[in-house]
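Notes for the one structure printed next.
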Amino acid sequence: MTNGIRAGRVLGVPVFLERGFFIGFVLFSAAFAWFGATTLGLPPGEAIVGGLAAETLLWLSEFLHNVGHAIAARRTGWPMIGISLGLMLALGRSIYPADEPALPSGVHVRRALGGPLVSLLIAALLLPVALALRPTGGAPFYVAAFGAGLNFFVYTLQALVPLGFNDGAVIWRAVRERFRI
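Residue 196 in the numbering used here sits at position 34 of the sequence shown; the count goes up by one each step and never skips.
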């Protein structure tokens, strides 16, 4: 299933942290802190805290996106058997049974849409927070704006773009099958 460390269970689904999770957390936190200090002009301490907060929000968003898939999968009757975080330092993966039979494309689409719907909800919750923090600026504003943008532009809209490894690939494969494109 995975070589990661078992971090617990959510909704009965085991959650694993791969080595890439820890490496990515350090690298991306540092990159976000550097960006905050050099590009956004944040003081060093605020940039470091902001970098850690942005990376934590990234992983929380990725995790909740996968929880959305888990909820949708359970509702189809074809549940996930795991969530793995740390693929390529910044991605998560929904794990399904290796021996799962061929399923109707509608099942795959419903499972694929679970993550983007949760991400859309997170973006909708973070956008007013970012707008409220905008007058004060600083790391809290930038982190909230980052979270809203990440969840909308990356985790939600990716459902429309078939990249071969994402929700969009699953959805567009089903569309092509349905309409024989």
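Virtual Cβ for every residue (Gly too), placed ideally from N, Cα, C.
These numbers were taken from a predicted model, which means no experiment stands behind them.
Cβ separation of residue i and residue j, assumed to be a contact under 8 Å, to the nearest whole Å
i, j, result
"F187", "S246", "Contact flag wrong, Cβ pair sits at about 15 Å."
"G204", "I284", "The residue you asked about is not Gly; residue 204 is Leu in the sequence shown. About 24 Å separates the two Cβ atoms, so there is no contact after all."
"G276", "G230", "4 Å"
"G300", "E208", "6 Å"
"G309", "L219", "5 Å"
"Y304", "G213", "Not a contact, Cβ separation roughly 10 Å."
"T238", "P278", "About 16 Å separates the two Cβ atoms, so there is no contact after all."
"I210", "A195", "5 Å"
"R350", "S267", "The first residue shown for the chain is 163 and the last is 343, placing residue 350 beyond what the model contains."
"G244", "T164", "6 Å"
Per DSSP, the bridge partner or partners of residue i
i, result
"I343", "Note: I343 sits in no beta bridge, so no partner."
"V280", "None; V280 has no bridge partner."
"R158", "No answer is possible for residue 158: the residues shown for the chain start at 163 and end at 343."
"G244", "I257"
As assigned by DSSP and simplified to three states, the class of residue i
i, result
"V177", "strand"
"I210", "helix"
"L287", "helix"
"L345", "This structure does not reach residue 345, given that the chain is present from 163 up to 343, and the question cannot be answered."
"R255", "strand"
"E217", "helix"
"G203", "coil"
"F190", "helix"
"F308", "helix"
"N328", "coil"
"T318", "helix"
"E224", "helix"
"G198", "helix"
Whether residue i touches residue j by CB criterion (7 Å)
i, j, result
"M242", "A252", "no"
"V336", "V271", "It is Ala, not Val, that sits at residue 336 in the sequence shown. Yes."
"L295", "A306", "yes"
"L173", "A232", "yes"
"V332", "A260", "no"
"F183", "G248", "yes"
"S223", "N313", "yes"
"E180", "G170", "no"
"A215", "P206", "no"
Closer than 7 Å to chain C by CB, residue i
i, result
"I167", "Protein chains in the displayed structure number just one, and chain C is not present."
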